[in-house]
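Residue numbers (my numbering), protein chains in the order written: chain S, 2 to 241; chain R, 39 to 161.
Shown next, in the form of structure tokens:
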């Protein structure tokens, strides 16, 4: 049995205790998700795709692959979908969890790189950083907004990172249980940093590559949404 | 008394009476006390408009109308935040419900059922 088949049949019974899950939140990603899942096949890890109320064939595309598929009947947001995937992975006994974007922005090669410091026990959370790594075809407006986001994070969350909104991150089971994402939409990325600081989790940044494709830029967040994200995060702190 | 005062005080009087009758049956209902207080304050301000002027001077504001305006701005902000908070909490409840459904209906893609495989091997 190959490591992947073994992990698929008995996710808890790993000989070295490494039950690793890759969580992918997807919304209307049917044109891109298949490519991402095919690339992830090279890794011996479990994959769970959370279809966040897509109106296209995202779920059908995911079901064509040997992955777990969960579906939100209504669109709740990327934060909500990631938390659903994380809870599912924890239920399945995950020791380590990697969050990975559905649209192919992340490279599969970076998964092992981001897992390494968490698996070795050096840190509880490893955060991907495009500014320590590389970007491909990043618009200059996005660069400005992300740098402002880093400044905002340092002031508000009091955590020193070089990339505040990177979807590629690795969590230990301990960290995943303590970081409960409540922000349903894009403010979840800042909320995760808030929780790391609040729970005094050990973290590090890992250089990763982020690729920007025209279709994902068209579909993705406008740079102006940064103001709304900041507002959601600040107001969310006042509401319990 | 002006026509405006007569009409509005009449309307406020009916609203206040409705709240008082409700409180007679259910005195523990906090929101009725709040509404009754609001109608009473509105009625007093309309019946004795000079009162707002005296109150405004007492707190260092020039005009009674400004005092009423500032009060409404604060009430508007408080109400807006209150309803925003309720909406966010409701949204979180919806998310929890959606998550429960999603976790309950998890599906495995493109996997051969284990039982069918075993049947094939045994036969």
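C-beta: ideal position from N, C-alpha, C; glycine also.
Using DSSP's beta-bridge definition, name the partner residues of residue 145 of chain R.
On the second chain, residue 145 of chain R is found 107 positions in, with the first residue counted as 1. Residue 145 of chain R pairs with S/70.
Can you tell me which of S/159, S/167, S/160 puts its alpha carbon nearest to the alpha carbon of residue 144 of chain S?
Within the first chain, numbered from 1, the residue matching residue 144 of chain S stands at position 143. Closest option to residue 144 of chain S, Cα to Cα, is S/167.
Using DSSP with H/G/I as helix, E/B as strand and the rest coil, what is residue 161 of chain S?
Position 160 of the first chain, counting from 1, holds the residue named residue 161 of chain S. Looking at residue 161 of chain S - three-state DSSP - the assignment turns out to be coil, as it is neither helix nor strand.
When you compare only the Cα positions, how much space is there between residue 131 of chain S and residue 198 of chain S?
Here residue 131 of chain S is taken as the residue at index 130 of the first chain, counted from 1. Here residue 198 of chain S is taken as the residue at index 197 of the first chain, counted from 1. Between residue 131 of chain S and residue 198 of chain S, the C-alpha separation is close to 21 angstroms.
For residue 127 of chain R and residue 240 of chain S, I'd like the C-alpha separation in whole angstroms.
Residue 127 of chain R sits at position 89 when you count from the first residue of the second chain. Residue 240 of chain S sits at position 239 when you count from the first residue of the first chain. Approximately 8 angstroms, taken between the alpha carbons.
Reference residue 43 of chain R, options R/70, R/71, R/57, R/82, closest by Cα
Here residue 43 of chain R is taken as the residue at index 5 of the second chain, counted from 1. Nearest option by C-alpha distance: R/82.
Roughly how many whole angstroms lie between the Cα atoms of residue 147 of chain R and residue 71 of chain S?
Walking along the second chain from the start, residue 147 of chain R turns up at place 109. Walking along the first chain from the start, residue 71 of chain S turns up at place 70. Roughly 10 angstroms separates the two Cα atoms.
Local Cβ density within 10 Å of residue 55 of chain S, reported as buried at 16 or more and exposed below that:
For the purposes of this step, residue 55 of chain S is taken as residue 54 along the first chain, with counting starting at 1. Residue 55 of chain S should be labelled buried.
Skipping 5 residues on each side, what residues in its chain have a beta carbon closer than 8 angstroms to that of residue 237 of chain S?
To locate residue 237 of chain S, count along the first chain from 1; it is residue 236. These residues qualify, in order along the chain: 183, 184, 188, 192.
Hey, out of S/75, S/51, S/122, whose CA is closest to residue 173 of chain S's CA?
The residue given as residue 173 of chain S occupies position 172 in the first chain. Checked all of S/75, S/51, S/122; the closest Cα to residue 173 of chain S is S/122.
Rounded to whole angstroms, what is the Cα-Cα separation between residue 58 of chain S and residue 82 of chain S?
To locate residue 58 of chain S, count along the first chain from 1; it is residue 57. To locate residue 82 of chain S, count along the first chain from 1; it is residue 81. Their Cα atoms are separated by approximately 17 angstroms.
Going by alpha carbons, who is nearest to residue 78 of chain S out of R/105, R/110, R/129, R/144?
The sequence position of residue 78 of chain S within the first chain is 77, counting from 1. Comparing Cα-Cα distances from residue 78 of chain S to each of R/105, R/110, R/129, R/144, the minimum goes to R/129.
According to a CB-to-CB cut-off of less than 8 angstroms, which residues of the region 123-138 of chain R neighbour chain S?
123, 126, 127, 129, 130, 132, 133, 136, 137
Classify residue 49 of chain R as buried or exposed, calling it buried when 16 or more other Cβ atoms lie within 10 Å of its own Cβ.
Here residue 49 of chain R refers to the residue found at position 11 when the second chain is read from its first residue. Per the 10 Å Cβ criterion, exposed.
Could you check what DSSP says for residue 252 of chain S in three-state terms: helix, strand or coil?
Chain S is shown from 2 up to 241; residue 252 of chain S falls before or after that span and cannot be answered.
I'd like to know if residue 116 of chain R contacts chain S, where contact means its C-beta is closer than 8 angstroms to some C-beta of that chain.
Your numbering for residue 116 of chain R matches position 78 in the second chain. For residue 116 of chain R, the answer is no, since every Cβ of chain S falls outside 8 angstroms of its Cβ.
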